[in-house]
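Read the structure below first, then the notes.
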Amino acid sequence: MYDKSVIYMEDSCGAAPEDLNEKGMEHFGNEDIRTALRNFKMAKNAAKRSSDDSEKARSYHNLGLLYSIKKDNYFTSKEYFKQAIDIREDLDENTELSESYYHLGLTYERLGKLEEAIDSFDRAAELKEDIDDKGQMAKILAYIGNLYQLKDNEENAKRYHKQSIDVMKELKDGNPFPIGLFTLISNINKEELDHEELMDYYKDEVHLPEELDLPINLDLLVNKGRAENRVYQSS
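The numbering of the sequence shown is my numbering, which starts it at 1 and goes up by one.
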């Protein structure tokens with residue numbers, strides 16, 4: 001869709017690929033999709049000319065993000081993330097590689113390919129552990145648990161949710177977000193849930209031990225759940 005509507009411009013000014021990627025993200029953030037796409041394409045071409053594999057992978061990743069905003073372009077988004085991963089696997093960029101695997105997992109989930117999503121999230125979680133990003137690791141493990149629940153695999157759902165909580169309990173700041181319950185909340189009840197009701201549901205449905213003390217920010221989770229639900233309803 002986007003390719004047909006974009007007028008390609010030559011990088012006549014010789015802009016560096018990193019600058020083009022930065023400009024593209026600025027336009028993307030301002031919802032100027034056409035200009036963002038043009039910048040990402042130019043960044044990719046500039047990176048190829050300069051043999052800058054890091055920026056080339058970054059441009060592929062950015063293109064994956066851009067195409068992921070429309071349901072009709074999920075397949076194209078997936079292909080761009082895979083191209084970014086192919087390059088980043090050979091680079092010492094585990095932080096960036098973990099993000100590409102994470103977003104590939106999200107795209108597979110949107111395509112209804114749950115096994116592929118789980119595989120991508122698993123790899124992302126491993127990389128997050130390698131770079132000691134416990135918050136994001138816990139969040140991704142919770143995503144995997146949610147996907148196993150969708151597949152009616154309660155044993156694996158319980159295992160991954162428990163892993164998520166175990167990682168969370170290692171966080172010194174008690175970060176409340178990465179528990180990843182917003183998908184569950186959006187499907188439980190349209191009304192407000194208080195903390196005790198949420199905890200009762202979570203422990204009863206996922207069969208977690210009663211002694212776990214989860215640092216959950218309920219308002220954040222409910223709002224995130226509603227936002228996620230709106231995204232899926234509008235896609």
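Yeah, the Cβ is synthetic: ideal placement off N, Cα and C, and Gly gets one too.
* To do: Return the residue from the list 23, 99, 19 that minimises the CA-CA distance to residue 125.
  => Answer by Cα proximity: 99.
* **Host alpha helix (DSSP H) of residue 97 (start-end)** => Per DSSP, residue 97 belongs to the alpha helix (DSSP H) from 94-110.
* Asked: Would DSSP call residue 69 helix, strand or coil?
  -> If DSSP states are grouped into helix, strand and coil, residue 69 belongs with coil.
* To do: Report yes if the CB atom of residue 40 is closer than 8 Å to the CB atom of residue 62, and no otherwise.
  => Result yes, Cβ atoms of residue 40 and residue 62 sit closer than 8 Å.
* **Supposed close pair residue 147, residue 118 - CB separation, criterion 8 Å** => Here residue 147 really is in contact with residue 118; their C-beta atoms are around 5 Å apart, less than 8 Å.
* Are there three or more Cβ pairs, one per stretch, closer than 8 Å when the stretch 121-137 is compared with the stretch 149-158? -> These segments do not touch.
* To do: Look at the alpha carbon of residue 90 and the alpha carbon of residue 56, and state the distance between them as a whole number of angstroms.
  => Take the alpha-carbon of residue 90 and the one of residue 56: they are about 13 Å apart.
* Taking residue 32 as the reference, which of 93, 110, 79, 69 has the closest Cα? -> Proximity to residue 32 across 93, 110, 79, 69 peaks at 69, based on C-alpha coordinates.
* Asked: Where do the N-terminal and C-terminal ends of the alpha helix (DSSP H) with residue 140 fall, by residue?
  -> Looking at the DSSP string, the run of the alpha helix (DSSP H) that includes residue 140 is 134-150.
* Counting only the same chain and skipping the five closest in sequence on each side, list residues whose C-beta sits under 7 Å from that of residue 18. => Exclusion of the five residues before and after residue 18 leaves 55 as the residues of its chain whose Cβ lies within less than 7 Å of its Cβ.
* **Backbone secondary structure at residue 186 - three-state DSSP** => Because the pLDDT of residue 186 is 37, which lies under 50, any placement of that residue in the model is unreliable, and the number read from its coordinates should be weighed accordingly. Note: residue 186 maps to helix in three-state DSSP.
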